[in-house]
Amino acid sequence: MPRRLRLDSLATRRALSDPEVQHFDLAGFELACGHALPAGATLAYKVHGPPVGASKGVILHPTSFDAVHDELEYSIGEGQTLDTSAYTVVVPNLLGNGVSYSPSRMRHAERLAGYPPLLSIG
């Protein structure tokens, strides 16, 4: 029997198991090219520190393409560079990194159909 190809990484599986990760629904979000993101498309993010509105402000600290949110936590916390005693820190996982909407999280039928089309951000 052939082995099933895994499209996700160990880091992705670890990040997806984080119970504090939240998902913002992007279904129907229209891209500049005119295509809309399908049902099930989400932006995964994690919030550190006090609730929004209960701090001095919000720091948005997005992941890079090859990173997931928990790999940035070394600089987040009380007394750290991104000090959660004063600020709310929101870490969104970049689209395509395997935690947010990504080819590895698409249904098999979507991948076979060639969705999503090639996109450019500009």
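Residue numbers (this note's numbering): 79 to 200. No residue lacks a Cβ here, since even glycine has one placed at the ideal position from N, Cα and C.
Taking the Cα of Thr-166 as reference, the smallest distance to any Cα among Leu-121, Gly-127 and Leu-94 is reached at Gly-127.
The DSSP-derived three-state label of Asp-161 is coil. Beta-carbon to beta-carbon, Val-99 and Lys-124 are separated by about 5 angstroms, close enough to satisfy the 8 angstroms threshold. In terms of Cα proximity to Asp-96, the closest of Ala-119, Glu-149 and Gln-158 is Glu-149. Across the structure, Pro-170 and Cys-111 are spaced so that their CA atoms are roughly 23 angstroms apart. Ala-105 counts as exposed, since fewer than 16 other beta carbons sit within 10 angstroms of its beta carbon. Beta-bridge annotation (DSSP): Asp-103 is paired with Thr-120. For the 8 angstroms CB-CB criterion, Ser-163 and Thr-120 do not form a contact.
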